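**Q** Got a structure for you, questions after.
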Amino acid sequence: AVVSTQSTGSEDMSVYVKKVHFKLHDSYSQPLRVLTRPPYRVSESGWGEFEIMVKIFFHDPTEKPVTFFHLLKLFQNETVTMKDKTLISEHYDEIIFTEPTSLMYPLLINTKPIDPSFSQHHHNFEEVERKTFTAIVESRRKIKTEISELSARIKSQKEAYQVLKQEVKELEQEQAKT
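Just add 84 to the spot in the sequence shown (first one is 1) and you have this note's numbering.
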C-alpha cells in the first residue's frame, strides 16, 4: 500500500507544508510516520482495512494543522482498483485558506513546480470534479421536479378533502332536518 499526500497539480507543497504525519494501523512496526519533505508518501504491504490519519503541519506556526481520516482498504472492491499489481484508492481532500496570515500568504502564492515523479495521480480529479458537479446539478433538478409534483398532489388532495368535508357537512345538515 502506498499512502501519500500531494497536490492535484504540479506544485511543491513543501513550500508551505512543514511535515506530514501518517498514522497507520497499530499492527505496523512503526504506525506513526513523519515525513518532512516530498514525496509525502509511505509504502507498506499488508491486507485488510483500517482508518488512516493524515495530519499536515505548516511552516506558519499560527496555522493549525489539518487532519484527514480515510478508510484504507487493502483489497480490490468498487472503490479500489488494481493497476500493475498495485491497489489504487485515491481520495480528494481540499485545504482552503480563507484568511492566510502574512507569513502564509506568500508561501501559498509562490509555490514552485515539483519533480513530476512525485506527482502520480491515477484519477483525473478535474474530471471527477466536473462529473460530481454535473451529478449535483442533475440531482437538484430532479429534487425540484419531485417537490413540484408532490406540492401539486398535496394541493389536489387538500382541495379534494375540502370538497368531501363540505359534502359531509351538507349531509349532516340534511339529516338534522329530518
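Ideal Cβ placement from N, Cα and C applies to all residues, glycine included. Predicted, not measured: the structure shown is a model, and the values here were computed from it.
In whole angstroms, what separates the C-alpha of P115 from that of S223?
**A** Counting from 1 along the sequence shown, the entry for residue 115 is found at position 31. Counting from 1 along the sequence shown, the entry for residue 223 is found at position 139. Cα-Cα distance, rounded: 41 Å.
**Q** Considering only C-alpha positions, which residue in the set L187, S186, L158 and I180 is nearest to E174?
**A** To locate residue 174, count along the sequence shown from 1; it is residue 90. Minimum Cα distance to E174 is reached at L158.
**Q** Would you tell me roughly how many angstroms separate the C-alpha atoms of R117 and K228, rounded to the nearest one?
**A** Start at 1 with the first residue of the sequence shown, and residue 117 comes out as number 33. Start at 1 with the first residue of the sequence shown, and residue 228 comes out as number 144. Roughly 48 Å between the two C-alpha positions.
**Q** Out of Y124, E133, S129 and G132, point me to the one whose CA is closest to K139's CA.
**A** Along the sequence shown, read from residue 1 onward, the residue named residue 139 stands at position 55. Comparing Cα positions, the closest option is Y124.
**Q** I238 by DSSP, collapsed to three states: which one?
**A** Here the question's residue 238 lines up with position 154 in the sequence shown. DSSP places I238 in helix when its eight states are reduced to three.
**Q** Which of the three DSSP states is assigned to K139 in this structure?
**A** On the sequence shown, position 55 is the one that residue 139 refers to. It is a strand residue.
**Q** Below 7 Å CB to CB, which residues in the same chain sit around F152 once its five sequence neighbours on both sides are set aside?
**A** In the sequence shown, counting from the first residue as 1, residue 152 sits at position 68. Only V138 and D177 meet the Cβ criterion.
**Q** Please check the pair L156 and I136, which I expect to be a contact at CB under 8 Å, by giving their CB distance rounded to whole angstroms.
**A** The residue labelled residue 156 in the question sits at position 72 within the sequence shown. The residue labelled residue 136 in the question sits at position 52 within the sequence shown. About 5 Å separates the two Cβ atoms, so the contact holds.
**Q** Based on the DSSP output, what are the partners of T89 in its beta bridges?
**A** Translated into the one-based positions of the sequence shown, residue 89 becomes position 5. Y124.
**Q** Can you tell me whether K148 is helix, strand or coil according to DSSP?
**A** For the purposes of this step, residue 148 is identified with residue 64 of the sequence shown, where counting begins at 1. If DSSP states are grouped into helix, strand and coil, K148 belongs with coil.
**Q** Let's test the definition: count the other Cβ atoms within 10 Å of the Cβ of E147 and tell me whether it reaches 16, buried, or not, exposed.
**A** Residue numbering aside, residue 147 sits at position 63 when the sequence shown is read from its first letter. Its Cβ being crowded by 16 or more others within 10 Å, E147 is buried.
**Q** What's the C-alpha gap between L192 and F141?
**A** Residue numbering aside, residue 192 sits at position 108 when the sequence shown is read from its first letter. Residue numbering aside, residue 141 sits at position 57 when the sequence shown is read from its first letter. When rounded, the distance between both Cα atoms is 14 Å.
**Q** Could you give the distance in angstroms between the alpha-carbon of Q279 and the alpha-carbon of A219?
**A** Residue 279 lies beyond the residue range present for the chain, which begins at 85 and ends at 262; the question has no answer from this structure.
**Q** I need the DSSP call for F159, collapsed to helix, strand or coil.
**A** Mapped onto the sequence shown, residue 159 falls at position 75. DSSP places F159 in coil when its eight states are reduced to three.
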